Amino acid sequence: MREKSLLLKKWAQGLAVASVALSLHASGASAGVSVDWADLPDPIAQVFEDPYSDLSPEEFDDVLFVVRLRGRLQQDSGTREERQNWQEMLDETEAALAAGGIDIDWLLDQRHVVMERREKAANAGNPVFDGKNITVAGFAIPAPPDAEGRQIAYLVPQRGMCSHMPPPPPNQMIRVRLNSDWTPAYFHEPVRLTGQLNIDPTDHQMVVVDGLMPMRATFMLDADRVEILESREDRLEWSDSAADKLRAAGRRKTGGQTTPD
Numbered sequence: 172m173r174e175k176s177l178l179l180k181k182w183a184q185g186l187a188v189a190s191v192a193l194s195l196h197a198s199g200a201s202a203g204v205s206v207d208w209a210d211l212p213d214p215i216a217q218v219f220e221d222p223y224s225d226l227s228p229e230e231f232d233d234v235l236f237v238v239r240l241r242g243r244l245q246q247d248s249g250t251r252e253e254r255q256n257w258q259e260m261l262d263e264t265e266a267a268l269a270a271g272g273i274d275i276d277w278l279l280d281q282r283h284v285v286m287e288r289r290e291k292a293a294n295a296g297n298p299v300f301d302g303k304n305i306t307v308a309g310f311a312i313p314a315p316p317d318a319e320g321r322q323i324a325y326l327v328p329q330r331g332m333c334s335h336m337p338p339p340p341p342n343q344m345i346r347v348r349l350n351s352d353w354t355p356a357y358f359h360e361p362v363r364l365t366g367q368l369n370i371d372p373t374d375h376q377m378v379v380v381d382g383l384m385p386m387r388a389t390f391m392l393d394a395d396r397v398e399i400l401e402s403r404e405d406r407l408e409w410s411d412s413a414a415d416k417l418r419a420a421g422r423r424k425t426g427g428q429t430t431p432d
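Just so you know, the sequence shown maps onto residues 172 to 432 in the working numbering.
So this is what it looks like as structure tokens:
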């Protein structure tokens, strides 16, 4: 059943790629095809089996607990009574996972495989847009000029990324070479950019609001046209999902206590 589900997902992703390719061909190279951020990751790389995604939050916590307890028991630390207590808790947690049909040893063996697949999913760019003229809206972050003295900026899909929020995955960040005198007037200035997009991974570090930040981008955009966006109709504001994630992260760090946004 799982293999059939994966095949259906791959078929759907392939159909989506073909649809986008036809759209680009029909629009022509100079039109500046409007691109949504969700279109930028390679859709084929997003389809993979991830056994950790099937775990409930409680089961995931139990898996982490098993890892911590096994680590303690492997070390020569703790009193005899403490080590006996750790072993009892380990046996109880492993039994609870097994009762839920979870093979903890197999699951832990898959960690590196899953990490590699997730890394590829976060970095791979959609080849359909490689070398194409596109238009994309986002929030611009000013950056130091490149080695040739050209003005540089980064474009991200949500306000606050790389400053009050972590950087997005590389295939959700665009390094921009600006072909005009315009540069962002402030961090996360809402803009719509048009130019040639290329899959050209870069990895730089720069000082942003909260200090030195890694800026890993899968894409490079040579921007020929810049539009400043100011109105709510442009829909470039905090998304509910992003705000919810920030609040949830704050509650986890404070043991469930409410934290300010």
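Glycine included, each C-beta is placed from N, C-alpha and C at the ideal position. Just so you know, these numbers come straight off a predicted model, no measurement behind them.
Residue 384 has its alpha-carbon roughly 16 Å from the corresponding atom of residue 372.
The segment 357 to 367 makes contact with the segment 306 to 315, as at least three CB pairs between them are under 8 Å.
In the DSSP assignment, residue 362 forms a beta bridge with 309 and 399.
Residue 337 is positioned such that its CB atom lies no closer than 8 Å to that of residue 344. With distances taken between CA atoms, residue 241 lies nearest to 263 out of 263, 226 and 229.
Using a Cβ-Cβ distance cut-off of 8 Å, the segment 287 to 305 and the segment 210 to 222 are in contact, since at least three pairs of beta carbons, one from each stretch, lie closer than that value. Between residue 221 and residue 288 the beta-carbon gap is near 7 Å, inside 8 Å, which marks them as a contact. Residue nearest to residue 279 within the set 395, 233 and 218 is 233 (criterion: CA-CA distance).
Sixteen is the threshold: when 16 or more other Cβ atoms of the shown chains lie within 10 Å of the Cβ of residue 305, as they do, the residue is buried.
Uninterrupted alpha helix (DSSP H) stretches at least 4 residues long and entirely within the segment 256 to 296 occur at 275 to 280 and 282 to 294, given in chain order. Taking the C-beta atoms as reference points, residue 294 is found nearer than 8 Å to residue 341. Around the Cβ of residue 265, a 10 Å sphere holds 16 or more other Cβ atoms; the residue is buried. Ranked by Cα distance from residue 386, the options 267, 318, 225 and 377 are led by 377.
CA-CA distance, residue 375 to residue 270, rounds to 47 Å.
One Cα belongs to residue 303, the other to residue 330, and the distance between them is close to 26 Å.
For the pair residue 396 and residue 354, the CB atoms are not nearer than the 8 Å cut-off. Looking at the DSSP output, residue 205 bridges to 306. Looking from the CA of residue 225, the closest CA among 351, 348, 318 and 268 belongs to 268. Distance from the CA atom of residue 290 to the CA atom of residue 388, rounded to whole angstroms, is 13 Å. Relative to residue 208, the option among 332, 286 and 307 whose CA is nearest is 307. The beta carbon of residue 219 lies closer than 6 Å to those of 288 in the same chain, with the five residues before and after it left out.
For residue 234, the enclosing alpha helix (DSSP H) starts and ends at 228 to 245. For residue 356, the number of other beta carbons within 10 angstroms of its own is below 16, and it is reported as exposed.
Of the residues assessed, residue 286 falls on the exposed side of the cut-off, its CB having fewer than 16 other CB atoms within 10 angstroms. In this structure, residue 380 keeps its C-beta atom at 8 Å or more from the C-beta atom of residue 351. Residue 370 is bridged by DSSP to 390.
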